[in-house]
Amino acid sequence: MIQKEKVVDFVLENINRKSKMWMPSGLPDKKKWLEVCRNIDRLDELQDHMYNILNLQPADEDYVYSYDLSEEIFNFRKIIRNSSYFDQKELTTLQGKLLDRELINFTNKSRDHRNDFLSQVVENNLATKKKYEPVFITPADRNEYFDISKRTKPDIVKAVELELEGLDDEKLTKRWMKIKGKNKIDLLTFLKEIEDIKSADNSV
Numbered sequence: 003m004i005q006k007e008k009v010v011d012f013v014l015e016n017i018n019r020k021s022k023m024w025m026p027s028g029l030p031d032k033k034k035w036l037e038v039c040r041n042i043d044r045l046d047e048l049q050d051h052m053y054n055i056l057n058l059q060p061a062d063e064d065y066v067y068s069y070d071l072s073e074e075i076f077n078f079r080k081i082i083r084n085s086s087y088f089d090q091k092e093l094t095t096l097q098g099k100l101l102d103r104e105l106i107n108f109t110n111k112s113r114d115h116r117n118d119f120l121s122q123v124v125e126n127n128l129a130t131k132k133k134y135e136p137v138f139i140t141p142a143d144r145n146e147y148f149d150i151s152k153r154t155k156p157d158i159v160k161a162v163e164l165e166l167e168g169l170d171d172e173k174l175t176k177r178w179m180k181i182k183g184k185n186k187i188d189l190l191t192f193l194k195e196i197e198d199i200k201s202a203d204n205s206v
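Numbered as in our numbering, the sequence shown ends at 206 without a single skipped number.
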């Protein structure tokens, strides 16, 4: 009988801990307690579902780690001040390596992508395959990502047709209709030709 009571106490304690996890900060009212307790199973399912979608690991409920990094933070700030890092016009590493010009927007870009992804998941019933522009660390990362030669044929075709729209050249358009179905090298060669023509026109 005593063993059975211990099991019941453990189950109730576990449910109570789960319920508190879903409570907002402060003192919850009776209505909030009822909402959480009546939907605790669904809330758990929702949490597990989001962990899977976002590829996150559940938090360890048995342990809480607290690290005192005040000394490390102080020393790092000292390095930043002594190096006059914030006086530089270009964004670089502490060793002077050039960083991408938009890396400073890392937090905002990541948050916007995350929010948009969650909206896509809701609207498309988890079937979204939308790809997002990555956060570039160095200019080389950006150049490699936008290197048209590494894109697929459909992407190159789109790039060519976009360039042709601004030229309104009947001869080039006719040539394009013959080249369009050829291999990537031919497509890239034609794209380069168009870019050179536009560049020459702009320099006049």
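Every residue gets a Cβ at the ideal spot worked out from N, C-alpha and C, and that includes glycine.
Just grab the DSSP bridge partners of residue i for me.
i, result
"residue 96", "DSSP, once it has assigned bridges, lists no residue as partnering residue 96."
Using alpha carbons as the reference points, say which of the options lies closest to residue i.
i, options, result
"residue 144", "34, 102 and 79", "102"
"residue 190", "169, 119, 203 and 158", "158"
"residue 195", "160, 178 and 126", "178"
"residue 114", "174, 134, 124 and 125", "134"
"residue 19", "29, 88 and 39", "39"
"residue 183", "132, 160 and 70", "160"
"residue 152", "203, 79, 85 and 187", "187"
"residue 51", "120, 180 and 172", "120"
"residue 154", "72, 185, 42 and 70", "185"
So residue i and residue j are supposed to be a Cβ contact under 8 Å. How far apart are they, rounded?
i, j, result
"residue 163", "residue 193", "At roughly 10 Å, the Cβ-Cβ gap does not stay under 8 Å, so residue 163 and residue 193 are not in contact."
"residue 55", "residue 124", "In fact, because the Cβ distance is near 11 Å, the residues do not count as touching under 8 Å."
"residue 24", "residue 45", "5 Å"
"residue 96", "residue 75", "Incorrect: roughly 15 Å between the Cβ atoms, too far for contact."
"residue 200", "residue 169", "7 Å"
"residue 72", "residue 42", "At roughly 39 Å, the Cβ-Cβ gap does not stay under 8 Å, so residue 72 and residue 42 are not in contact."
Legend entry - Length at least 4, wholly inside the segment 110-191: the alpha helix (DSSP H) runs in chain order: 141-147, 155-167 and 172-181
Inset, instruction - Please confirm if the segment 131-151 is in contact with the segment 89-102, defined as three or more CB-CB distances below 8 Å between the two stretches. - result: Contact between the segment 131-151 and the segment 89-102 is present: 3 or more CB-CB pairs across the two stretches fall below 8 Å.
Legend entry - Three-pair Cβ contact test at 8 Å for the segment 107-122 versus the segment 146-158: no
Legend entry - alpha helix (DSSP H) runs contained entirely in the segment 14-46, provided each spans 4 or more residues: 32-40
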